[in-house]
Amino acid sequence: MSFRREAFVPKGGPDGGDGGNGGSVILEADPQLSSLIDYRYKHHFRAERGTHGKGARRHGKDGEDLILRVPLGTVVRELDSATMQPAYDICDLTHPGDRVVVAPGGMGGKGNIHFVSSVRRAPAFAEKGEPAIEHWIELEMKLMADAALVGMPSVGKSSIIARISAARPKIADYPFTTLVPNLGVARAKTGESFVVADVPGLIEGASQGRGLGHEFLRHIERTALILHVVDLSGGLENRDPLLDYQTINEELAAYASELAERPQIVVGNKCDIPGSDVASMFVREAAERDGHQYFEVSAATGQGLDELVTVCAAQVAELRQDIAADAPTVDFNAAVERERRRRDQQITITREERDVWRVSGGAIERMVVQTDWDNDEAVAYLQRRFDRMGFDDLLAKHGCKQGDEVRILGYAFTYEGAHDDEEDFADDEVMMFADAESSADVQDMGE
Ligand SMILES: Nc1nc2c(ncn2[C@@H]2O[C@H](COP(=O)(O)OP(=O)(O)OP(=O)(O)O)[C@@H](O)[C@H]2O)c(=O)[nH]1
Ligand SMILES: [Mg+2]
1 MSFRREAFVP KGGPDGGDGG NGGSVILEAD PQLSSLIDYR YKHHFRAERG THGKGARRHG
61 KDGEDLILRV PLGTVVRELD SATMQPAYDI CDLTHPGDRV VVAPGGMGGK GNIHFVSSVR
121 RAPAFAEKGE PAIEHWIELE MKLMADAALV GMPSVGKSSI IARISAARPK IADYPFTTLV
181 PNLGVARAKT GESFVVADVP GLIEGASQGR GLGHEFLRHI ERTALILHVV DLSGGLENRD
241 PLLDYQTINE ELAAYASELA ERPQIVVGNK CDIPGSDVAS MFVREAAERD GHQYFEVSAA
301 TGQGLDELVT VCAAQVAELR QDIAADAPTV DFNAAVERER RRRDQQITIT REERDVWRVS
361 GGAIERMVVQ TDWDNDEAVA YLQRRFDRMG FDDLLAKHGC KQGDEVRILG YAFTYEGAHD
421 DEEDFADDEV MMFADAESSA DVQDMGE
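Residue numbers for the sequence shown follow the working numbering, so the first one is 1 and each next one is one higher.
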């Protein structure tokens with residue numbers, strides 16, 4: 001709040017400038033990063049605050065944004081601050097440069113030049129800046145592989161990735177040797193390469209959470225190509241390879257119908273084991289009937305793997321192009337902002353004690369916090385804003401009676417009943433966020 005001081009002008013017009021806006025906290029997807037390790041131990045981030053407005057209509061400086069870099073494939077979720085459980089997904093950052101504002105900077109408070117009206121020539125109050133938004137989010141990195149090796153336990157998924165890439169996962173003849181996904185880069189003779197993931201084995205019921213299933217089906221959600229590995233020998237349990245093939249496809253479909261439609265290459269492994277050729281014939285037939293290519297390989301001898309890698313690399317290159325072409329350009333910020341505003345505008349009224357009411361809600365709490373409580377004019381201004389938005393009626397509707405106490409954050413008010421003295425405030429007082437043009441008028445009036 002400031003008034004113009006000039007020689008020979010006894011009472012200058014109001015000239016308090018606005019406070020600067022606070023900086024925003026922004027997440028940005030960066031292809032250089034491969035993990036969320038930077039956020040393992042540091043959890044609190046804060047953008048710069050804006051500086052105060054000054055006299056002579058000088059505005060404060062805006063605070064700098066804080067940009068936090070995250071790897072591609074980061075899923076951002078809002079956490080409920082009370083339970084610390086995920087409340088809703090904010091977005092998936094999947095393309096280089098994707099950005100989302102997770103905590104928008106508050107607006108600077110308006111200087112007293114904005115509060116001039118025909119009946120209030122010299123407003124001796126200004127608005128305080130918007131308080132910072134403070135909340136918890138959860139970051140999860142989903143695996144970003146082009147192709148995933150999927151199949152029953154012990155069919156040889158890890159043996160295959162070890163053969164076709166530099167990955168060195170544990171290999172053993174008992175089920176669930178692989179407990180976490182491994183990534184490798186496979187390179188074809190043509191020079192094309194792709195990222196392949198070896199995920200833990202799936203079993204019947206995986207889509208319902210049996211085995212390690214669910215946890216890892218989640219990771220397959222975003223791989224373009226599924227390499228479905230079948231053990232042609234039936235393994236130690238002497239399973240039926242054809243039945244295995246069907247079971248896995250059923251689990252994929254049960255988890256998410258689009259997984260069943262995902263491009264799939266069927267890989268019959270362990271063809272070095274005598275007697276596997278009959279099983280291979282059956283699986284090939286079933287795969288081709290389903291419209292999938294089939295390859296017979298051996299991770300033990302390396303047979304068929306070069307060809308498999310070449311075909312995979314070509315298919316991945318094609319799928320990548322399709323994905324890039326189909327990728328909708330989503331404006332995360334618009335959607336996030338809409339959701340935030342919806343929640344922000346909500347007003348909740350609850351009875352705290354017999355004659356005491358608690359009012360909560362982002363927007364209304366902000367009005368209270370932005371008011372300078374040491375200044376009667378500012379408090380009267382807040383009172384009129386409440387009237388205009390029909391707050392008194394809303395309280396009455398909830399059963400609030402004259403003389404009841406109404407609490408907002410740490411402030412308490414006495415409810416005086418719904419107002420009817422409309423003429424108390426003129427129309428032109430609705431000048432809260434006056435634009436540049438009308439502030440020019442304001443200056444004229446001041447002079
Ligand atoms: N003979 C033969 N044995 C193989 C072949 N591929 C894998 N094996 C053996 O099969 C067993 C299981 O192999 P893994 O690569 O660990 O199988 P996995 O599918 O990764 O198993 P989980 O991680 O438990 O799901 C090991 O004893 C391997 O040595 C193959 O082509 N031929
Ligand atoms: Mg394995």
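From the three backbone atoms N, C-alpha and C, an ideal C-beta is built for every residue, glycine too.
Note that the structure is a prediction, hence the values are computed from the model and not measured.
Check, Outcome
"8 Å contact criterion, which G20 and K61 should meet: CB distance rounded", "5 Å"
"Between the CA atoms of V75 and R222 - distance to the nearest angstrom", "12 Å"
"Which of helix, strand or coil DSSP assigns to E215", "helix"
"DSSP-derived helix/strand/coil call for M141", "strand"
"CA-to-CA distance, A148 to P96, given in whole angstroms", "22 Å"
"Contact between the region 161-169 and the region 183-200 (3+ Cβ pairs under 8 Å)", "yes"
"Separation of W357 from R5, as counted between CA atoms", "45 Å"
"Alpha-carbon spacing of D421 relative to V70, whole angstroms", "Below a pLDDT of 50, predicted positions are generally treated as unreliable, and D421, at 48, falls in that range; the measurement from the model is reported next regardless. Going by the C-alpha atoms only, they are around 55 Å apart."
"Straight-line gap, V119 to A56 (C-alpha atoms, nearest Å)", "23 Å"
"Local conformation of P241 per DSSP, three classes", "helix"
"Enclosing alpha helix (DSSP H) for R49 [first to last residue]", "It is not in any alpha helix (DSSP H) - R49 carries neither H nor E in the DSSP assignment."
"L492 to Y41 span [Cα, whole Å]", "Residue 492 lies beyond the residue range present for the chain, which begins at 1 and ends at 447; the question has no answer from this structure."
"Beta-carbon proximity check, N275 vs E296, cutoff 7 Å", "Reading off the sequence shown, one finds Gly at residue 275, where the question assumed Asn. No, Cβ-Cβ distance for G275 and E296 is not below 7 Å."
"P14 (DSSP reduced to helix, strand or coil)", "strand"
"Nearest residue (CA-CA) to K54, options V102, P31, S2 and E78", "S2"
"Candidates F216, E78 and P169: closest to E337 by CA position", "E78"
"Per-residue burial, I160 [other beta carbons within 10 Å of its own, 16 or more giving buried]", "buried"
"C-beta contact flag for I26 and V101 at 7 Å", "yes"
"Beta-bridge pairing of H228 - partner residues as DSSP gives them", "V150 and V266"
"Near ligand 1: G304 beta-carbon under 6 Å from a heavy atom", "no"
"Local conformation of L456 per DSSP, three classes", "There is no way to answer for residue 456, as the model of the chain reaches only from 1 to 447."
"Exposure label - D424; buried when at least 16 CB within 10 Å", "Low per-residue confidence applies at D424: pLDDT is 43, beneath 50, and the placement is therefore not dependable, though the value from the model is reported in the following sentence. Label assigned to D424: exposed."
"Validate contact between the region 396-414 and the region 358-368 using beta carbons, cut 8 Å, 3 pairs", "yes"
"Integer-rounded CB distance, given that P169 should sit under 8 Å from H154", "The sequence shown places Ser at residue 154, rather than the His named in the question. With a Cβ gap of about 13 Å, S154 and P169 do not count as contacting."
"Residue environment, H52, which counts as buried when at least 16 other CB atoms sit within 10 Å", "buried"
"Three-state secondary structure (DSSP) of N21", "coil"
"Cβ pair E288, T247 closer than 7 Å", "no"
"Cut-off 6 Å between Cβ atoms - residues of its own chain near A172, not counting five sequence neighbours on either side", "none"
"T350 versus V359: straight-line alpha-carbon distance, rounded", "7 Å"
"Alpha helix (DSSP H) segment containing N333, residue limits", "F332 to Q345"
"DSSP bridge partner residues for T310 (one or two, in chain order)", "DSSP output for T310 lists no bridge partner at all."
"Near ligand 1: I171 beta-carbon under 6 Å from a heavy atom", "yes"
"Own chain partners of G12 with C-beta closer than 8 Å, once the 5 adjacent residues on each side are dropped", "F3, R4, R5, E6 and G446"
"Extent of the continuous alpha helix (DSSP H) to which Q383 belongs", "D376 to R388"
"V155 CB to nearest heavy atom of ligand 1 below 6 Å", "yes"
"Environment of A426 [buried if 16+ CB atoms lie within 10 Å]", "Its pLDDT being 39, under 50, A426 is placed unreliably in this model, and the value from its coordinates should be taken loosely. That one is exposed."
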